[in-house]
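J.: Structure in structure tokens, see below.
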Amino acid sequence: MSRGAVLVVEDHGVARQALACVLEASGYAVRQAATAADALASAADGNVALVLLDLGLPDADGIEVVRRLRADPGTRSIPVVALTGRGEEWGEVCGGEGCAAFLTKPVAPRQLLATVARLVGAPGA
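Each residue of the sequence shown is one higher than the last, beginning at 1 in the numbering used here.
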């Protein structure tokens, strides 16, 4: 994926690795972050095409991360896909904050890949 990596932001290591494996096996370049601070730093370097963001991070609420990404001119155009196990009511909240999509955990690999492809294109495209 020449336009940048998918940044997987998830504090649970096994879940983060599973998401990364699905994306990498399909040909996407992937970066990983376990905290909001790491996610914001990684997104700011300009080589991220999409942020896959768990809303329940240990150091900041995921919605706050979205707000900070949207406030920064260098990251405001990066699509954010919110991930949560909390349910559909969070979809409206996320959309109002500027998320491009919302997925409920556990995410089926097919649904994850379809969402990523819709937002950033197929790997290598």
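Backbone N, C-alpha and C fix where the C-beta goes; we use that ideal spot for every residue, glycine too. All figures in this text were calculated on a predicted structure; none of them were measured in a lab.
Quick check on the DSSP output: what are the complete alpha helix (DSSP H) runs of length 4 or more inside the segment 51 to 117, in order along the chain?
T.: List check, alpha helix (DSSP H) in window: 62 to 71, 89 to 97.
J.: My output table needs one value for Arg3: the three-state DSSP class, helix, strand or coil.
T.: Coil.
J.: Ala33 lies in the beta strand (DSSP E); which residues open and close that run?
T.: 30 to 33
J.: Could you give the residue range of the alpha helix (DSSP H) that holds Glu10?
T.: Unbroken run through Glu10: none, as it is neither H nor E.
J.: Go ahead and label Cys21 buried or exposed: buried means 16 or more other beta carbons lie within 10 angstroms of its beta carbon, across all protein chains shown.
T.: By the neighbour-count criterion, in which 16 or more other beta carbons inside 10 Å mark a residue as buried, Cys21 falls on the exposed side.
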